[in-house]
Every structure is written in structure tokens, then in C-alpha cells.
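Chemist: For the sequence shown, the UniProt record's numbering gives the first residue as 1, with consecutive numbering after it. Ideal Cβ placement from N, Cα and C applies to all residues, glycine included.
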Amino acid sequence: MANQAYPMALVTQDSLDGYIRSVNSYPMLTADEERELAERLHYDGEIEAAKGLILSHLRFVVHVARGYSGYGLPMADLVQEGNIGLMKAVKRFNPEVGVRLVSFAVHWIKAEIHEYVLRNWRIVKIATTKAQRKLFFNLRKSKKRLGWFNNGEVETVAKELGVEPSEVREMESRLAAQDSTFEMQNDDDDTGSYTAPALYLEDKSSDLAEDFEAKNWETHTNNRLGHALATLDERSQHIVRSRWLDDNKSTLQDLADTYGVSAERIRQLEKNAMKKLKAAVGEF
């Protein structure tokens, strides 16, 4: 399944905006639609069912990947790694467990992105500016001996590479540093001054899957309301918006004065409009 679905996960930095627009165009699945596809994949091994599950959740991968944009890594790579996690989750998803795929997949998506960040953590921290990148790739071959540079060697290297001596010393210190442990035991640092990288990666403040579903549901609801409002006549639309949707809501008397009718007539128009609106919302 993964090999056949993999082309959908390919995305480059140049095509990232177009890719995001594309994945957002795929409709989200209802719980029943998702279960039907999951059962067809789980019991019959149907590739088209796997494709449907993956396509409908690619937007969620983008949502998760954006949470790791602060690591200085290309967003396209983060999304692509997350897509691999999504495909692994779809392959292992059991519809009988009783949870939505988005809640199950978030752990696989984050695991793949975490692994990618860890593989690139050191290089990102060592060289972040143009001068530092130049030093990173040239400093080792500029060394004449093992150990630290003396002042004369620092000046020579700085002149050869066109950088400041202070930058040479800083990069030499970075290259000499050891990789930090990703996860730290309680007794690893008695002073409490060291923060393990794992603590940067994990977001304990919210449930990403739940937040994403809520935001998409809000967008979907707003779209349905907009379509329903369009079915009303102009006066009814104005009354509903003024009474329920605007920040500064109007009273019945305000609208009565606007239309030159009684407040009771506005109330009747509002009641009829709300009845039509509820019926129209149910149709979309």
C-alpha cells in the first residue's frame, strides 16, 4: 500500500503553496464514510480505500507540520515526513478500535517528524548564518593539528575565510561540542539547567487532533450558514444578521424604525426567517 500511495506524499518547497491548496480541496470524511473505507482496507486490502483515507487527511499532516516550523527545517520536508507517518497509520488502522483515524494517526505523523528533526537537529544548531555555514564546511580542513587553535591560527583562518576571529572561535566551540541526549533521566542533571530536546518536541498544551477537527467543523458550519442565508430574501437576511450575527446587535425597535413597521412585525419576520434558515441549513 505504501509504495502505491507514496507519490501523493511528494512535495517540494517550490510547489508547497500549490500542494497545500490541493490537499485542502479534498473533502473531509464523515465518521460513517471513514469507517466504510477503513473496513474495506482492513478486511479486503482495497488500495482505493487506503487512497481515500490518505487524501482526506493530508491537510491534517500540514497542520501538524506547521507546529515544527521553528526548527529551521524546510516545511516541504516536514510535510513529506509527516505524510509517511500518515500512510503508516492508515496501514495499521483498525476500524474496530472505535476511534477516528485523525486521533490515531497524529502519533505516527509526529513520530516521523520527530525522527526527521532529530536527524537534522545538530546541523541546524551548528550553522545558521552564511558565515557559520562557510566555517562549518571549511574549518576542519583548515586545522593544521589536533586540539584547539592558538591565537595565530585563529587569525590566519579568519583571514583565509573572510570572517571575524570571534566567529572562528565560536564555530570551533560548536564543532567540539557533543550531541545532547534526546531524553534525560531525572538524575542526569542535578542543577536542572539542562532542557532535553524531547521537551521541545512534545506539545502537552492541547490535543492537536481535537483542535484540528474543531477548526474544520467550524469552517464547515460557517459555510453551511452562508449558503442557508443566501436562500432568504434581502430584508430577512438583514434582520437575521442585525439580530444575531453582527457585533452590535439591533433591537426589534431599531429594525422597526428602519423599515417603517411595528416591532411585532419585525418579530414575526425574524421568526419566519429563522424557521427557513434552520430548514435550509439541514439541506446542505
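Leaving aside the five residues before and after M274 along the sequence, list all residues of the same chain whose C-beta is less than 8 Å from its C-beta, in chain order.
Modeler: If we look at M274 and ignore the five residues flanking it on each side, its Cβ neighbours are V240.
Chemist: Would you call the CB atoms of L269 and S236 closer than 8 Å?
Modeler: For L269 and S236, yes; Cβs fall inside 8 Å.
Chemist: Under 8 Å by Cβ, that's how I've got A263 and A228 pegged, so tell me the actual separation to the nearest angstrom.
Modeler: About 25 Å separates the two Cβ atoms, so there is no contact after all.
Chemist: Tell me, to the nearest whole angstrom, how far the beta carbon of N116 is from that of L78; I am working on the premise that it is less than 8 Å.
Modeler: A small fix is needed here, since residue 116 is Tyr in this sequence, not Asn. About 7 Å separates the two Cβ atoms, so the contact holds.
Chemist: Are N83 and R59 close, meaning C-beta to C-beta below 8 Å?
Modeler: Result no, Cβ atoms of N83 and R59 do not sit closer than 8 Å.
Chemist: Indicate whether R100 and E34 have their beta-carbon atoms separated by less than 8 Å.
Modeler: Going by C-beta atoms, R100 is nearer than 8 Å to E34.
Chemist: Which one of V90, K215, L53, H57 has the shortest CA to CA distance from I20?
Modeler: Ranking the options by Cα distance to I20, first place goes to H57.
Chemist: Per DSSP, what kind of secondary structure is E46 in: helix, strand or coil?
Modeler: It is coil, neither helix nor strand.
Chemist: Using the three-state DSSP reduction, which class does S171 fall into: helix, strand or coil?
Modeler: The sequence as given places Met at residue 171; Ser does not occur at that position. It is helical.
Chemist: I need the DSSP call for N272, collapsed to helix, strand or coil.
Modeler: It is helical.
Chemist: Does the Cβ of H107 have 16 or more other Cβ atoms within 10 Å, making it buried, or fewer, making it exposed?
Modeler: Label assigned to H107: exposed.
Chemist: Roughly how many whole angstroms lie between the Cα atoms of R40 and E48?
Modeler: Spanning the two alpha carbons is a distance of roughly 9 Å.
Chemist: Identify the continuous alpha helix (DSSP H) that holds A158 and give its terminal residues.
Modeler: 151–161 is the span of the alpha helix (DSSP H), which, as asked, contains A158.
Chemist: Alpha carbon to alpha carbon, how far is A76 from Y43?
Modeler: So the alpha carbons of these two residues sit roughly 33 Å apart.
Chemist: List the whole-angstrom C-beta distance separating L53 from A38, where the pair is believed to meet the contact cut-off of C-beta under 8 Å.
Modeler: So it is a contact: roughly 7 Å between Cβ atoms.
Chemist: Nearest CA to the CA of residue 286: which residue from G260, K88, G98, E218?
Modeler: This structure gives no information on residue 286, because the portion of the chain shown stretches from 1 to 284.
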